[in-house]
Amino acid sequence: MKLRAGNFVVYEKAKTSTHPSPRAERVFPSRHGDTYSYVIKKFWKVLRVFEDDTIEVETRRGKRHTLSPGDPRLRKAGLWQRVFFKDRFF
Numbered sequence: 001m002k003l004r005a006g007n008f009v010v011y012e013k014a015k016t017s018t019h020p021s022p023r024a025e026r027v028f029p030s031r032h033g034d035t036y037s038y039v040i041k042k043f044w045k046v047l048r049v050f051e052d053d054t055i056e057v058e059t060r061r062g063k064r065h066t067l068s069p070g071d072p073r074l075r076k077a078g079l080w081q082r083v084f085f086k087d088r089f090f
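Mapping to my numbering: the sequence shown position 31 is 31, numbers consecutive.
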């Protein structure tokens, strides 16, 4: 996957808590039912691509993360995602 600055990406972040958010997907209870494991889709914008192909992304609230382009949880946002979830990008 070749990414450039300005591209929109979707990152599936794994989370664990006692109360999954309404946007949680693939929700699984723990063995004793105290917590839940789930995935949240994060919609981020690529800011920079470094020499070693790692990328710097920005969240809608301005936080920055550095990611490997080979991360299986990272993918380029498709046309439909950019249209239907445009409010989640920025």
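Backbone N, C-alpha and C define an ideal beta-carbon position, used for all residues, glycine too.
> Between residue 34 and residue 25, what straight-line distance do the alpha-carbon atoms span, to the nearest angstrom?
Replying inline: In the sequence shown, counting from the first residue as 1, residue 34 sits at position 34. In the sequence shown, counting from the first residue as 1, residue 25 sits at position 25. When rounded, the distance between both Cα atoms is 18 Å.
> The alpha helix (DSSP H) spanning residue 84 covers which residue range?
Replying inline: The residue given as residue 84 occupies position 84 in the sequence shown. In this chain, the alpha helix (DSSP H) harbouring residue 84 covers 79–84.
> For residue 75, which of helix, strand or coil comes out of DSSP?
Replying inline: Start at 1 with the first residue of the sequence shown, and residue 75 comes out as number 75. Correct three-state label for residue 75: strand.
> Hey, residue 39 and residue 13 are a contact pair by Cβ (cut 8 Å); roughly how many whole angstroms apart?
Replying inline: The residue labelled residue 39 in the question sits at position 39 within the sequence shown. The residue labelled residue 13 in the question sits at position 13 within the sequence shown. So it is a contact: roughly 7 Å between Cβ atoms.
> By Cβ distance below 6 Å, which residues in the same chain neighbour residue 28 in space, the five residues on each side in sequence not counted?
Replying inline: Here residue 28 refers to the residue found at position 28 when the sequence shown is read from its first residue. Correct list, in chain order: 37.
>> According to DSSP, residue 56 sits in a beta bridge with which residue or residues?
In response: The residue you call residue 56 lines up with position 56 of the sequence shown. According to DSSP, which records beta bridges pairwise, residue 56 is partnered with 48 and 66.
>> Applying the 10 Å Cβ sphere with the 16-neighbour rule, what's the burial state of residue 74?
In response: Residue 74 sits at position 74 when you count from the first residue of the sequence shown. Of the residues assessed, residue 74 falls on the buried side of the cut-off, its CB having 16 or more other CB atoms within 10 angstroms.
> How many whole angstroms separate the CB atoms of residue 43 and residue 88, which I take to be in contact at a CB cut-off of 8 Å?
Replying inline: On the sequence shown, position 43 is the one that residue 43 refers to. On the sequence shown, position 88 is the one that residue 88 refers to. Between residue 88 and residue 43 the Cβ distance is about 4 Å, and since that is below 8 Å, they are a contact.
> On the three-state DSSP scale, how would you describe residue 139?
Replying inline: The structure shown does not extend to residue 139, since the chain spans only 1 to 90, so no value can be given for it.
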